[in-house]
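Participant:
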Amino acid sequence: MPLRAEHRVLVAGQPGDPIARSPLESAWQHFITTALREGVVEKQHRFSLHGLKHLGVTGIVGNCGNKQDAAGHQLPTTTGR
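Here our numbering = 1-based position in the sequence shown + 30.
1) Name, in chain order, the residues that DSSP records as bridge partners for PRO48.
2) Ordered along the chain, which non-local residues of its own chain (more than five positions away) have a Cβ less than 8 Å from that of ALA101?
3) For HIS84, report the span of its alpha helix (DSSP H) as first-last.
4) In whole angstroms, what separates the C-alpha of PHE77 from that of GLN59?
5) Compare the beta carbon distance of LEU54 and VAL71 with 8 Å and say whether it is the shorter of the two.
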């Protein structure tokens, strides 16, 4: 696992290569639309792909520095938002 956040891959394809942003965004929109239609996610709880990052960082066990590193934020004030 790379130590620097910008070198970590959030989503990878079958061979392990990073998925480009455009196809990932399209896949996310398909996923969330299906989840809404199927009742898995309620409309008022809809969240973006970037919101998924926030959820993941919030759930990290550790101090603010651990969360800042995981989020790839330069400043602690950004993480604190």
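Here a beta-carbon is modelled for each residue, glycine too, at the ideal position from N, C-alpha and C. Just so it is clear, the structure is predicted and the values come from calculations on it, not from any experiment.
Facilitator: Let me spell this out:
1) Answer is ALA42.
2) ALA35, LYS83, VAL87, THR108, THR109
3) DSSP places HIS84 inside the alpha helix (DSSP H), whose first and last residues are 79 to 88.
4) For PHE77 and GLN59, the distance between alpha carbons rounds to 10 Å.
5) no
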